[in-house]
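Numbering (full-length UniProt numbering), first residue to last: 1 to 868.
Ideal Cβ positions, reconstructed from N, Cα and C, are used throughout, including at glycine.
Presented below is the structure to which this report refers.
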């Protein structure tokens, strides 16, 4: 094992409440010098890895190169020097929810903790110990006794005994009984040490020999009558028949790095991508975009900036010359000429400033346009997993902040100008006072070095603020979307408390950032001024008299701290810009949707084959060993209980899920989801309706010449009545998400959009007519089967009566295909399909004949009760 860990834990703040596992993993890996992509870890934890499982976290850490081991130890052992750190520790929040944190280091009664929900912080050992989650599990008594007799347990007990003044031979005699006696006496020794430690800490018992005698007495009595002598809360192992129930803290300890990580071929694709992805370099991406427009403009801008910095130095010399102008230029005409020359110089200087400023603005706008173009070209090629693994609010925030890239050239320009001016000022001091040249260079270097030193701290704290702000944005979005159920369930106070917690953490992070920035700025100004004053004092102490050059030296020397403050201000703005840029360019480096082989060129209905396909999400199997073949043009119904995996089967064909094992072929070639989607008609209640006209929504997926199909499609989808009811007919805006339509009307619009797809090879219907009554569902499904009579069609439905008209039915149960056949054949024999059909019939009969039920019907916005 190799690789020292950092003294400070890398700070990784989670972007959603379920991401503490990936965030803790990234902290551990980065802290041991293993760079890894947090975004890819999050994707992995939503596919092949269960990011909420401590077992999975341990396995992933070992795969990625850390020597990780999961242990269950008494909670008071966590703070002992013998416990291996760093470690992931399971803690419990005030709302009783469990959470992963990284215990990084112990320092004299304090612990350094990286909490993914908050960031890095220092806590008292007692405070952290109180937050540790105590997990209980049943194990063979012999197994626990084996641990109690191990060197690891003996070391921990010696440390606990030493803390209460019991050491040497006395400690040896107490621990000897652990090896000689049975496991219950060993457990009693452990509980007695814990109880006596509490008494010593409370100053109810002196440490030393009295504590040792009490431990021995309590252990002897507790071995016969456990909970009378020692309360149960002090026991870490209690009898349970022939076994023991062990309670303690769950840790994943990290002993360092493996000499070699697992080969990339042995890792799940998502974890391999997390390791392989290079660290993001937003500035390099921006430089590449600037080079795409040519280097002439940036080079000219740099030259103009250097010229402007030099002109500022000449400006100081000219103003110094104005002091002696009366003596050197006695004639009025000469003085007028000098004044005009000075005004011309000032005008040239202003022209340069205006030119460089406008050029920086143009460059910023060009960068923004290029980034927008690059993002718009990249987003369609990203897999759905990329968007599913990131909060909607996070993506919206990135889109909203894209305009911030305009200011990057301006910041860079001011930085270059300040550095040039700083260097020229130091050079000018060296020219007029060679003895002070080295001192001036030292002050200039100090002025440049201080912002660079504080930069990592500012970066980290600014990122913490932005991550907490992102969590707040997500919370606001969730609260707005869930406003109705929040009010219906009276959850306003619970939501307000959670919001308050997020807001407080954001405020603390913002305060720490402001405090750090102000402290750094003040220190920069103070140190710079003191250094400049020392430079001037050193020069004047040489006793050569005070001349005109000395006035310039004082002016330039005192200018150095001002330039340093300007650099510090730029340094404070850089972290925010860098973190925004990092989020903006991150999609550009994201892995594009994987295409398995060349796009198929076959025409006509698709032939589909699943061969032993496994689909995994969040480390949990969704489909297992699925093998089925669907002939071209075949219409197949798919049924099963909710959560069985029906929609996932369709999602595989759409490219939403990648097989963890097995193969999917279309027309005998590996599935190319990108190409198949282009020739697929898909109806699903989750398909987005846009805040555009009804006509635009119908034509959204259609070709340019499909306008002639609008009439037949509206007739087939029963949309004519909807169009007549809308105030502007086909040109009526439907509202955000189709908000001006009912649920059933929205489904018919989605169905009409699918009918507009020209010559589809595959039709996927996932609960296509949800929100419509049974009669309408049957009519529209029959219309769909006639419209796509020669096309391969898969229909997921919970309405068993609809499936009896199909030639073939697949029954999915717990992710497995358990039945496959004609509906009449399955219904005639004892089968799961027959059970589902009977259950549906029983529910319908109960609704029709039940006397205890009232029948309410909505007619033209009025509720009408039918008499029985």
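I need the straight-line Cα distance from residue i to residue j, nearest angstrom please.
{"i": "residue 733", "j": "residue 720", "result": "16 Å"}
{"i": "residue 99", "j": "residue 93", "result": "7 Å"}
{"i": "residue 251", "j": "residue 71", "result": "5 Å"}
{"i": "residue 2", "j": "residue 820", "result": "Model confidence at residue 2 stands at a pLDDT of 48, short of 50, so the residue's coordinates are unreliable; what they give is reported in the following sentence. Answer to the nearest angstrom: the Cα atoms are 55 Å apart."}
{"i": "residue 671", "j": "residue 383", "result": "15 Å"}
{"i": "residue 12", "j": "residue 377", "result": "30 Å"}
{"i": "residue 596", "j": "residue 454", "result": "Confidence at residue 596 is low in this model, with a pLDDT of 49, below 50, so its placement is unreliable and the value that follows should be read with caution. Rounded to whole angstroms, residue 596 to residue 454 spans 48 Å at the Cα level."}
{"i": "residue 129", "j": "residue 508", "result": "23 Å"}
{"i": "residue 768", "j": "residue 473", "result": "33 Å"}
{"i": "residue 103", "j": "residue 388", "result": "30 Å"}
{"i": "residue 611", "j": "residue 801", "result": "29 Å"}
{"i": "residue 79", "j": "residue 56", "result": "25 Å"}
{"i": "residue 300", "j": "residue 399", "result": "32 Å"}
{"i": "residue 43", "j": "residue 464", "result": "21 Å"}
{"i": "residue 286", "j": "residue 309", "result": "25 Å"}
{"i": "residue 787", "j": "residue 766", "result": "17 Å"}
{"i": "residue 392", "j": "residue 470", "result": "10 Å"}
{"i": "residue 125", "j": "residue 236", "result": "20 Å"}
{"i": "residue 483", "j": "residue 475", "result": "12 Å"}
{"i": "residue 305", "j": "residue 67", "result": "52 Å"}
Just to confirm the assignment, what range does the beta strand (DSSP E) spanning residue i have?
{"i": "residue 67", "result": "66 to 73"}
{"i": "residue 766", "result": "762 to 766"}
{"i": "residue 239", "result": "237 to 240"}
{"i": "residue 123", "result": "119 to 124"}
{"i": "residue 713", "result": "First-last for residue 713: 710 to 716, but that is the alpha helix (DSSP H), not the beta strand (DSSP E)."}
Between residue i and the rest of its own chain, which residues show a CB-CB distance below 6 Å, the 5 nearest in sequence each way excluded?
{"i": "residue 703", "result": "758"}
{"i": "residue 738", "result": "689 and 746"}
{"i": "residue 101", "result": "89, 91, 113 and 115"}
{"i": "residue 743", "result": "771"}
Please work out which residues of its chain come closer than 7 Å, Cβ to Cβ, to residue i, disregarding the five sequence neighbours upstream and downstream, and give them in chain order.
{"i": "residue 725", "result": "none"}
{"i": "residue 605", "result": "632, 633, 761, 790, 791 and 792"}
{"i": "residue 54", "result": "70, 90, 250 and 252"}
Return the chain-ordered list of same chain residues with a C-beta closer than 8 Å to the C-beta of residue i, the five sequence neighbours on each side being excluded.
{"i": "residue 827", "result": "804, 833, 834 and 837"}
{"i": "residue 185", "result": "177, 178, 219 and 223"}
{"i": "residue 514", "result": "none"}
{"i": "residue 854", "result": "865"}
{"i": "residue 806", "result": "635, 636, 637, 795 and 823"}
{"i": "residue 696", "result": "690"}
{"i": "residue 374", "result": "289 and 588"}
{"i": "residue 411", "result": "570, 573, 574 and 577"}
{"i": "residue 486", "result": "479, 492 and 495"}
{"i": "residue 741", "result": "689, 722, 734, 735 and 749"}
Provide the residue(s) that pair with residue i in DSSP beta bridges, ordered along the chain.
{"i": "residue 621", "result": "616"}
{"i": "residue 105", "result": "112"}
{"i": "residue 135", "result": "248"}
{"i": "residue 858", "result": "863"}
{"i": "residue 87", "result": "103 and 253"}
{"i": "residue 611", "result": "663"}
{"i": "residue 682", "result": "764"}
{"i": "residue 638", "result": "796 and 810"}
{"i": "residue 819", "result": "811"}
{"i": "residue 693", "result": "733"}
{"i": "residue 243", "result": "140 and 240"}
{"i": "residue 592", "result": "382"}
May I ask you to check if the CB of residue i is nearer than 6 Å to at least one heavy atom of the ligand FMN?
{"i": "residue 776", "result": "Within the structure as shown, the ligand FMN is missing, as the structure has no ligands at all."}
Quick one: give me the first and last residue of the alpha helix (DSSP H) that residue i is part of.
{"i": "residue 870", "result": "Past the boundaries of the shown model lies residue 870; the chain is included only from 1 to 868, so the question cannot be answered."}
{"i": "residue 144", "result": "141 to 148"}
{"i": "residue 722", "result": "720 to 725"}
{"i": "residue 289", "result": "282 to 292"}
{"i": "residue 63", "result": "54 to 63"}
{"i": "residue 20", "result": "20 to 31"}
{"i": "residue 42", "result": "38 to 44"}
{"i": "residue 833", "result": "832 to 849"}
{"i": "residue 157", "result": "151 to 163"}
For this session: Can you check the region 781 to 815 for any alpha helix (DSSP H) of at least 4 residues that lies completely inside it and give the ranges in chain order?
Result: Complete alpha helix (DSSP H) runs here, min 4: 800 to 803.
Problem set entry | Segments of 4+ residues assigned as alpha helix (DSSP H) that fall wholly inside the region 366 to 442 | If only complete runs of 4 or more residues are kept, the region 366 to 442 shows the alpha helix (DSSP H) at 384 to 388, 392 to 400 and 407 to 432, in order along the chain.
For this session: At 4 residues or longer, and completely inside the region 470 to 526: list those alpha helix (DSSP H) runs for me, N to C.
Result: Listed in chain order, they are 483 to 488.
For this session: With a floor of 4 residues, list each alpha helix (DSSP H) that falls wholly inside the region 202 to 237, ordered by position along the chain.
Result: You should have 209 to 224 and 226 to 229.
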